[in-house]
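Colleague: The structure follows.
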């Protein structure tokens, strides 16, 4: 006689959102009234609906029922401007009082539980599987309890708190739920009579209002004829929820058989189980889980896969085996909802984008890939143009037009393909965790807290032949910029020769009177950062010059460390320059910059504004690797006109200050004695007792309008032809050039002359009509504040987006050091660079705009 399948029911809480604001809204009753029928009903919160499927006999049937219930609610909600979202939490929540339904029950809960009921709006999922009596349900619950972390990891979908900040957990809902007084993985009793007695005692104690508030991770259902799993988050992926349900039913079948055969039903050790649940809440599918059999940490993908294989017999008998294996492959390939939400926030930078993703996945409009590509195409088979930017793909440095890797990249691509999506994602999460631990962070513009610097696995490979040209070109440019700075704060011969108007120089925001304090003939552009881009035919261009406080060398070092620690095999067979070489060069350059008064042993210091600086990690690493003190302005003071820094009670002379701090902040900051540093610094500079690297007033050379004159500088000061091309640039202060720009505004890049970090840039082909109109107004009213450039089709490189390789635009920040040696000016290219990656859908390549970085392999 064929066994009768136990039925499955999914009951999920759904957030009700206003589609315009994307915030929770207290209109659940309206939606339910319009919907009518179905399996949905009101919940405690009037911004949450509880929806349930009809009993289903198969995973396929359950998936159809779950999708239909969601579609019915969204269809009704569309008329009201409402949508439902299945997720443990949403990151946009209005003040809690606006969402509280003032019923007697709600007021009682608020009075009894205060902030637990007031401030937490979370949604879970309950999966019920038919049981043959209450005693079986209790016994099976005890035996299933060790597997609860697996179900939590599969459904984890609440990484963000109500204010939109990252909780650090894949499921902050489950962490919050653990604070309720009756929260426990399992009741810890072995019979229905003991369970009933336990619930009665809890209600009698007054700790809970009634039996409905008793909520263990797995327990008998309220109908006493089912086993109920309620450890999971409500999950936007219907497929992930169905996968959890099918596995749960198979577990119930297996453990019910064991109980019937006389197996014991003792509850597991609660402390261990709580620890395992915390691990699942923290990491989701992207880290380790605690193995339910050995209680040892193992990759989540292995633990889940082993569970499926152990249930092969039960899944085969139910007819769900093939479906479950497909759903598992998809779930592991796509990652948890928590991971996808974080990726959405990183790509776009606003919680709205996370809510849009959740709504789309809940509605089944878009979301996780419905099918896993075959092994050959898993990473690169869908390597496509960048959405919204390239009708024809830009030139890719790593992949040929037909999809084959270029020769230099073939070993790297093969190694990454062998690793596959799941392992790459796990390593990516590990890398970001280690970056946070090491302090490798950067503050994105508009965000209060620094985030781990995004690091990508696919390196950029620069051949010796290409590097020789780039090194020579950056050295040449650095020497010319240094000569220009010395000249314009002195005799201004470049201006007198007609290569630049006095007006264009004087209106440059970085042109400061402080630049004239340093004695002429001394180095000014000690450490230059030259931003390079590779065009669509492999030609390199200079995009920008940075001679104030160019950052990035420490991130180059960190990227190499990540590559070798996580993928040591990638660098094998390549003879590469080490980014560490940069630190010794920094010290040599600073020593060479010492003023004559310093003697044979100049004293050096790195000066930073402190931990609030977005590049604080870099400042610390440079100080550590060069063996120099890291000092904040409040530790600086003067004794007899000589700069010192205080360390405890001791004072130490400073001959050369490596200033990793904005000039205005440095000059206005109070020193150790409370007196602003300005007068003391300028006096020491003018007297030749101090060198500031890079020199005061250097910001003029960062000016976008001055950039246009660098080829003329190379000819004028060096008598050489530029080795590297630069982007054709139009000076909007010139009326003729401005009118040309206005005629071609939709084709050009327009930049503020004093812009940093990609701020204020408009890229014509990317702009809306409104953005172009606003920029047109800027050019008509204050044209002198802008330059325009031709759009350079930046090259692309494969970048892992958590699921597959995507094209991303890249640039390269190269570094050159300038020194006075033997009576002449020399420049030295640093054999390390920072390859920066643009955010998805953008050509603006800048760390402060949310991009990331790649390890740059400069071959010897």
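Residue numbers (our numbering): 1350 to 2209.
Beta carbons are placed, not taken as given, at the ideal position from N, Cα and C, and that holds for glycine.
Specify whether the stretch 1946-1964 and the stretch 1774-1785 touch according to this definition: at least 3 beta carbon pairs, one from each stretch, less than 8 Å apart.
Modeller: No, they do not touch.
Colleague: Less than 8 Å between the CB atoms is what I'm expecting for residue 1645 and residue 1638, so what's the real figure, rounded?
Modeller: Their Cβ separation, rounded to whole angstroms, is 10 Å, which puts residue 1645 and residue 1638 out of contact at 8 Å.
Colleague: If I measure Cβ to Cβ from residue 2257 and keep anything under 8 Å in the same chain, skipping five residues before and after, which residues do I get?
Modeller: Any answer about residue 2257 is impossible in this case: the structure gives the chain only from 1350 up to 2209.
Colleague: Let me confirm a value: residue 1484 is counted as buried when at least 16 other C-beta atoms fall within 10 Å, else exposed. Which label applies?
Modeller: The residue in question, residue 1484, is buried, as its Cβ has 16 or more Cβ neighbours within 10 Å.
Colleague: Note down the Cα distance separating residue 1999 from residue 1985, rounded to an integer number of angstroms.
Modeller: The alpha-carbon atoms of residue 1999 and residue 1985 are separated by roughly 12 Å.
Colleague: Just the Cα atoms here: how many angstroms apart are residue 1911 and residue 1804?
Modeller: Near 8 Å, if we compare the C-alpha coordinates of residue 1804 and residue 1911.
Colleague: Is the CB-CB distance between residue 1713 and residue 1505 below 8 Å?
Modeller: In this structure, residue 1505 does not lie closer than 8 Å to residue 1713 by Cβ.
Colleague: With a 10 Å radius around its C-beta and 16 neighbouring C-beta atoms as the bar for buried, classify residue 1656 as buried or exposed.
Modeller: Residue 1656 comes out buried.
Colleague: When you compare only the Cα positions, how much space is there between residue 2093 and residue 2079?
Modeller: Rounded to whole angstroms, residue 2093 to residue 2079 spans 11 Å at the Cα level.
Colleague: In the DSSP assignment, find the beta strand (DSSP E) that holds residue 2207 and state where it starts and stops.
Modeller: First-last of the beta strand (DSSP E) with residue 2207: 2201-2207.
Colleague: Using a Cβ-Cβ cutoff of less than 8 Å, which residues in the same chain neighbour residue 2214 once the five nearest sequence positions on both sides are dropped?
Modeller: Residue 2214 lies beyond the stretch modelled for the chain, which goes from 1350 to 2209, so this question has no answer here.
Colleague: Just the Cα atoms here: how many angstroms apart are residue 1400 and residue 2187?
Modeller: One C-alpha to the other measures close to 41 Å.
Colleague: Exposed or buried, which one is residue 2014 when buried takes at least 16 other CB atoms within 10 Å?
Modeller: The residue is exposed, with fewer than 16 neighbouring Cβ atoms inside 10 Å.
Colleague: Taking residue 1366 and residue 1432 to be in contact with their CB atoms under 8 Å, please state how far apart those CB atoms are, rounded to whole angstroms.
Modeller: Confirmed, about 5 Å.
Colleague: On a CA-only basis, which of 1580, 1897, 1879 and 1711 is nearest residue 1627? Give me that one, please.
Modeller: The shortest C-alpha separation from residue 1627 is found at 1580.
Colleague: Buried or exposed: residue 2277, going by 16 or more other Cβ atoms within 10 Å of its Cβ?
Modeller: No answer is possible for residue 2277: it lies beyond the span of the chain, which begins at 1350 and ends at 2209.
Colleague: Do you know offhand how far residue 1875's Cα is from residue 1756's?
Modeller: In a straight line, the C-alpha of residue 1875 is about 37 Å away from that of residue 1756.
Colleague: Please return the same chain residues whose Cβ sits closer than 6 Å to the Cβ of residue 2204, not counting the five positions on each side in sequence.
Modeller: Only 1808, 1908, 1909 and 1912 meet the Cβ criterion.
Colleague: Identify, in the order they occur along the chain, each residue of the same chain with its Cβ nearer than 6 Å to the Cβ of residue 2096, setting aside the five sequence neighbours on each side.
Modeller: So the qualifying residues of the chain are 2113.
Colleague: Buried or exposed: where does residue 1572 fall if 16 or more other Cβ atoms within 10 Å of its Cβ makes it buried?
Modeller: Counting Cβ neighbours within 10 Å, residue 1572 comes out exposed, since fewer than 16 surround it.
Colleague: Would DSSP call residue 1462 helix, strand or coil?
Modeller: It is helical.
Colleague: Are the stretch 1523-1538 and the stretch 1668-1678 in contact at 8 Å, needing three or more beta carbon pairs?
Modeller: The stretch 1523-1538, when compared against the stretch 1668-1678, does not touch it at the 8 Å Cβ threshold.
Colleague: Taking 8 Å as the limit between beta carbons, can you name the residues of its chain near residue 2209, skipping five residues before and five after?
Modeller: Answer for residue 2209: 1813, 1924, 1925 and 1926, listed in chain order.
Colleague: Along the chain, which unbroken stretches of the beta strand (DSSP E) at least 3 residues long are found entirely within the stretch 2068-2123?
Modeller: 2078-2080 and 2097-2101, all fully within the stretch 2068-2123.
Colleague: Based on the DSSP output, what are the partners of residue 1925 in its beta bridges?
Modeller: 2208, per the DSSP bridge assignment.
Colleague: According to DSSP, is residue 2035 helix, strand or coil?
Modeller: Helix.
Colleague: Looking only at C-alpha atoms, which of 1764, 1973 and 1976 sits nearest to residue 1916?
Modeller: It is 1764.
Colleague: Could you pull the start and end residues of the beta strand (DSSP E) that residue 1648 belongs to?
Modeller: Where residue 1648 is concerned, the enclosing beta strand (DSSP E) stretches over 1646-1648.
Colleague: Rounded to the nearest angstrom, what separates residue 1360 and residue 1610 at their Cα positions?
Modeller: Answer to the nearest angstrom: the Cα atoms are 31 Å apart.
Colleague: Taking Cβ to Cβ, would you say residue 1600 is nearer than 8 Å to residue 1493?
Modeller: Their beta carbons are under 8 Å apart, which means residue 1600 touches residue 1493 by this criterion.
Colleague: State the Cα-Cα distance for the pair residue 2171 and residue 1864, rounded to the nearest angstrom.
Modeller: Residue 2171 and residue 1864: Cα-Cα distance of roughly 25 Å.
Colleague: Could you name the residues that DSSP lists as bridge partners for residue 1401?
Modeller: Partner(s): 1360.
Colleague: Mind pulling the beta strand (DSSP E) runs of 3 or more residues that sit fully within the stretch 1465-1506?
Modeller: Runs found: 1473-1479.
Colleague: To the nearest angstrom, how far is it from the Cα of residue 1383 to the Cα of residue 1364?
Modeller: C-alpha separation (whole angstroms): 17 Å.
Colleague: Which residues does DSSP list as the beta-bridge partners of residue 1966?
Modeller: Answer by DSSP bridge pairing: none, since residue 1966 is not bridged.
Colleague: Residue 1893 to residue 1413, Cα distance in whole Å?
Modeller: Distance between the alpha carbons of residue 1893 and residue 1413 is about 55 Å.
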